[in-house]
Amino acid sequence: MRILSGIQPSGALHLGNYFGMMLPAIELQDKGEAFYFIANYHSMTSLFNAEERRKNSLDVALDFLACGLDPKKAVFWKQSDLPEVTELTWLLSTLTPMGLLERCTSYKDKTAKGLAASHGLFSYPVLMAADILLFDSNIVPVGRDQKQHVEVTRDIAIKFNEAYGQTFVVPEPQIRDEVAVVPGLDGQKMSKSYGNTIEIFGEEKATRKKIMSIVMDSRTPAEPKPDAEQNLAIKLLKLVAPTEVSKDFEDRLRAGGLGYGDLKKALFENHWNYFAAARVKRTELAANLDYVHQVLREGAARARSVGAKVLQRAKTAAGLN
Ligand code: ADP
Ligand code: TRP
195 MRILSGIQPS GALHLGNYFG MMLPAIELQD KGEAFYFIAN YHSMTSLFNA EERRKNSLDV
255 ALDFLACGLD PKKAVFWKQS DLPEVTELTW LLSTLTPMGL LERCTSYKDK TAKGLAASHG
315 LFSYPVLMAA DILLFDSNIV PVGRDQKQHV EVTRDIAIKF NEAYGQTFVV PEPQIRDEVA
375 VVPGLDGQKM SKSYGNTIEI FGEEKATRKK IMSIVMDSRT PAEPKPDAEQ NLAIKLLKLV
435 APTEVSKDFE DRLRAGGLGY GDLKKALFEN HWNYFAAARV KRTELAANLD YVHQVLREGA
495 ARARSVGAKV LQRAKTAAGL N
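In this note's numbering, the protein residues as written are 195 to 515.
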């Protein structure tokens, strides 16, 4: 079984990225052949600063490795190190109906938020389809917002197979229900573009301040809160605290007597502890960048040995050679 996923280097990674995509991906590296990459080509549709892209790409590599991506188990590389992916994008784009891309909500959301409506942004799902199909991927672990893109990939693969004969594996998205949409500081989906994130490796003071500033309702601490499971801090605490701890806080909030300040403090502390070991690992990696670059170089070579064969298969099927 081949598992593949990518993450854009478009800003500091947050709890939504971690629980929605990184942790499932890290856990899956023991279940099959894992292929994970830094989607720096995709980031070109929304980030137009070269230095920032360079820095973010390295940060994503550090974050992912610190959180447990094991380069002995998973192939890990930078998207732009494989030219095969852009070549396959063209083959796929000739079979991608305009209507399929026009229905993509992510494009509509991004342009509604003011992002320039470029051809790259519009055809973003075709590049993503190439990422997935180039490696005969069976499973794509992602958060719910990427489900539609994996469905587009499936449609394109089926169309290609119908037109040119069986060529591509048709992949399945894998979305964990309990973390399909991790809420942000304002209760909306946590996202870099909404400014509502809790970073995985944020600075201590700033992270505490962010968490303590979560706005709650005006009920007094003593009041029982029958809707405790809806409380944002409880929802986040369930992700970063041991089950007994989050359950205890939820019970106390429901019964009355627990103040929101104490709850938020517990959230900060559990968040901070959850990533303590990863933070140490990240500092070590940051002091050894040669190693990180070597992991990505070797990953690109391994990925390429697989991807080049699939591209040749597709080119032969399409009568290009
Ligand atoms: P952002 O919305 O912050 O720009 P990305 O679109 O770069 O995040 O997402 C990278 C990965 O993290 C994707 O697989 C996406 O589904 C997942 N992800 C992002 N935000 C969340 C969230 N709030 N809940 C669950 N998964 C998420
Ligand atoms: N579009 C994905 C995101 O924004 C990143 C991505 C690019 C990806 N190519 C992929 C995810 C292939 C899974 C598979 O999060």
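For glycine and all other residues, C-beta sits at the position ideal for the given N, C-alpha and C.
Are A416 and G451 closer than 8 Å when you measure CB to CB? yes
Nearest candidate by alpha-carbon position, reference Y230, set N515, K509 and R498: R498
Nearest-angstrom Cα separation, counted from G210 out to L382: Checking the sequence, you will find Gln at residue 382 rather than Leu. Cα-Cα distance, rounded: 11 Å.
What separation, rounded to the nearest whole angstrom, lies between the Cα atoms of L198 and R507? 19 Å
Consider the C-beta atom of N211 and the heavy atoms of the ligand ADP; say whether any pair is separated by less than 7 Å. Taking 7 Å as the cut-off, one finds at least one heavy atom of the ligand ADP near enough to the beta carbon of N211.
The alpha helix (DSSP H) enclosing K272, as first and last residue numbers: Premise fails: K272 lies in the beta strand (DSSP E), A268 to K272, not in any alpha helix (DSSP H).
Beta carbon of Q340: closer than 7 Å to some heavy atom of the ligand TRP? yes
Pick from P277, A255, L294 and E278: whose alpha carbon is nearest that of K268? The sequence shown places Ala at residue 268, not Lys. Sorting P277, A255, L294 and E278 by C-alpha distance to the C-alpha of A268 places A255 at the top.
6 Å CB neighbourhood of D275 in its chain, flanking five on each side removed: A494
Here's the rule: buried if 16 or more other CB atoms are within 10 angstroms of the residue's CB, otherwise exposed. What is W271? Answer is buried; the Cβ neighbour count reaches 16.
Is the separation between the beta-carbon of M410 and that of Y454 shorter than 8 Å? yes
For P335, report the span of its alpha helix (DSSP H) as first-last. No alpha helix (DSSP H) contains P335, which is instead part of the beta strand (DSSP E) from I333 to P335.
Per DSSP, L367 forms a beta bridge with which residues? Looking at the sequence itself, residue 367 is Pro, so the reference to Leu does not match. DSSP, once it has assigned bridges, lists V334 as partnering P367.
Cβ neighbours of F242 in the same chain (closer than 7 Å, five flanking residues each side left out): none
Mind checking whether A351 and L327 have CB atoms under 8 Å apart? yes
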